[in-house]
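> Below you will find the structure I want to go over with you.
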Amino acid sequence: MLLTIVRHTFLLCVLSLLTFHTVSASDLASPAMLSDTCLGCHGPAGISEGPATPTISGMSEIYIIGAMLAYKYDNDEDKVEEVIESDPDFEDVEFFARTSTVMDRIAKGYSEAEIKAIAKYFAALPFKASVQEVNPELAKAGADIHEHHCEKCHEDGGRSADDDAGVLAGQWIPYLEYTMADFQSGDRAMPKKMRKQMEEAHDVHGEESIAKLIQFYADQQ
Ligand code: HEC
Ligand code: HEC
1 MLLTIVRHTF
11 LLCVLSLLTF
21 HTVSASDLAS
31 PAMLSDTCLG
41 CHGPAGISEG
51 PATPTISGMS
61 EIYIIGAMLA
71 YKYDNDEDKV
81 EEVIESDPDF
91 EDVEFFARTS
101 TVMDRIAKGY
111 SEAEIKAIAK
121 YFAALPFKAS
131 VQEVNPELAK
141 AGADIHEHHC
151 EKCHEDGGRS
161 ADDDAGVLAG
171 QWIPYLEYTM
181 ADFQSGDRAM
191 PKKMRKQMEE
201 AHDVHGEESI
211 AKLIQFYADQ
221 Q
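With this note's numbering as the guide, the letters of the sequence shown map in order to residues 1 to 221.
Put into structure tokens, the structure is as follows:
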């Protein structure tokens, strides 16, 4: 509860410091200009300086677009599916409901055309893993759990963006903790097969399975 309050308060302060662009869709600003607002939170070049904000550079276009549409339309599945079907560029985008502290408000400021341009811009920038202290024993145990339950969709130890499932390796520990808690509570949606693997990992490796996985991802450079 306290963590949630701290998380909200901090982000809303940052949000209030930012200026929002006011270009219309017919007057498409350059991708770099459009993306400028994002850097205040997601860090210079989209590499987050932590702790509750993910690094977005180097993720796939499809993943970024999926996230932005879910935020923009407040997880209205019918609306997002309609948008996906209306544009061949969105063919591979999948809808998953998401939790949001600030992104719902931010995403509403952008048209679909702008979201496409922004996604392309960040996908072309390199991902850089955050450097953070990890517990080597937990990370080692996490590697094994990842290999059996997660590697299939989060390839290369969670480093690959090609699965359109985000980039897990090198994200900040607090972001990963919030995210895993949101998945576990059901507030954030995930593919059925991912839920199954999360449950199996929990059954086999117990309560600490999540902490071990998080330490493993945080340890990847
Ligand atoms: C006020 C801070 C803030 C700003 C500005 C901001 N973001 Fe975010 N972003 C966040 C936070 C925090 C999250 C985690 C979800 C949440 O709590 O809303 C996030 C999540 C995301 C995600 C999901 C990443 C993942 O790993 O699933 C994407 C994609 C994203 N933001 C893109 C953008 C883009 C593009 C912009 C600029 C148009 C932007 N963000 C501006 C704070 C911000
Ligand atoms: C069947 C494929 C599949 C499996 C198996 C799977 N995932 Fe995922 N995972 C996904 C997809 C797809 C997403 C993106 C969902 C979205 O767009 O919101 C995702 C998203 C995530 C995210 C959020 C990333 C972000 O940047 O916010 C985390 C964390 C995660 N998975 C952890 C795991 C862990 C840990 C396991 C193993 C226990 C696992 N996943 C197994 C497909 C899978």
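Glycine is no exception: its CB is placed at the ideal position from the N, C-alpha and C atoms.
1) Can you tell me whether VAL167 is helix, strand or coil according to DSSP?
2) Alpha carbon to alpha carbon, what distance is there between GLY170 and ASP104?
3) Can you tell me whether GLN215 is buried or exposed, with buried defined as 16 or more other CB within 10 angstroms of its CB?
4) What three-state label does DSSP hand GLN220 in the structure shown?
5) Report yes if the C-beta of PRO54 is less than 7 Å from at least one heavy atom of ligand 1; otherwise report no.
6) What I want to know is whether the C-beta of PHE127 ends up closer than 7 Å to one or more non-hydrogen atoms of ligand 2.
7) Between which two residues does the alpha helix (DSSP H) containing PHE183 stretch?
8) Taking the alpha-carbon of TYR175 as reference, which of ALA218, LEU125, ALA161, GLY157 has the nearest alpha-carbon?
9) Any heavy atom of ligand 1 closer than 7 Å to the beta-carbon of ILE145?
10) Between which two residues does the alpha helix (DSSP H) containing VAL204 stretch?
11) Does the structure place the stretch 151-171 close enough to the stretch 129-138 that three or more beta carbon pairs sit under 8 Å?
12) At what residues does the alpha helix (DSSP H) containing TYR63 begin and finish?
13) For GLY158, name the three-state secondary structure that DSSP assigns.
14) Using a threshold of 7 Å, is the CB atom of THR101 nearer than that to any non-hydrogen atom of ligand 2?
15) Run through DSSP, which three-state label would CYS38 get?
For this structure:
1) Along the sequence shown, read from residue 1 onward, the residue named residue 167 stands at position 167. Note: VAL167 maps to coil in three-state DSSP.
2) The residue labelled residue 104 in the question sits at position 104 within the sequence shown. The residue labelled residue 170 in the question sits at position 170 within the sequence shown. Rounded to the nearest angstrom, the two C-alpha atoms are 24 Å apart.
3) Locating residue 215 in the sequence shown gives position 215, where the first residue counts as 1. It is buried - the Cβ of GLN215 has at least 16 other Cβ atoms within 10 Å.
4) Walking along the sequence shown from the start, residue 220 turns up at place 220. Residue state, collapsed to three classes: coil.
5) Here residue 54 refers to the residue found at position 54 of the sequence shown. Because some heavy atom of ligand 1 lies under 7 Å away, the Cβ of PRO54 counts as near it: yes.
6) Along the sequence shown, read from residue 1 onward, the residue named residue 127 stands at position 127. Outside the cutoff, so no.
7) Position 183 of the sequence shown, counted from the first residue, corresponds to residue 183. Run containing PHE183: 173-185, per the alpha helix (DSSP H) assignment.
8) Here residue 175 is taken as the residue at index 175 of the sequence shown, counted from 1. Distances from the CA of TYR175 to each of ALA218, LEU125, ALA161, GLY157 were compared; the closest alpha carbon is that of ALA218.
9) Locating residue 145 in the sequence shown gives position 145, counting from the first residue. Answer for ILE145: no, Cβ out of range of ligand 1.
10) As a working note, residue 204 is residue 204 in the sequence shown. That run of the alpha helix (DSSP H) goes 192-205.
11) At 8 Å Cβ cutoff, the stretches touch.
12) Position 63 of the sequence shown, counted from the first residue, corresponds to residue 63. 61-72 is the span of the alpha helix (DSSP H), which, as asked, contains TYR63.
13) Start at 1 with the first residue of the sequence shown, and residue 158 comes out as number 158. In the structure shown, GLY158 sits in a helix (DSSP, three-state: H, G or I).
14) Your numbering for residue 101 matches position 101 in the sequence shown. In terms of side-chain proximity, the C-beta atom of THR101 is found no nearer than 7 Å to any non-hydrogen atom of ligand 2.
15) In the sequence shown, the residue the question calls residue 38 occupies position 38. Helix at CYS38.
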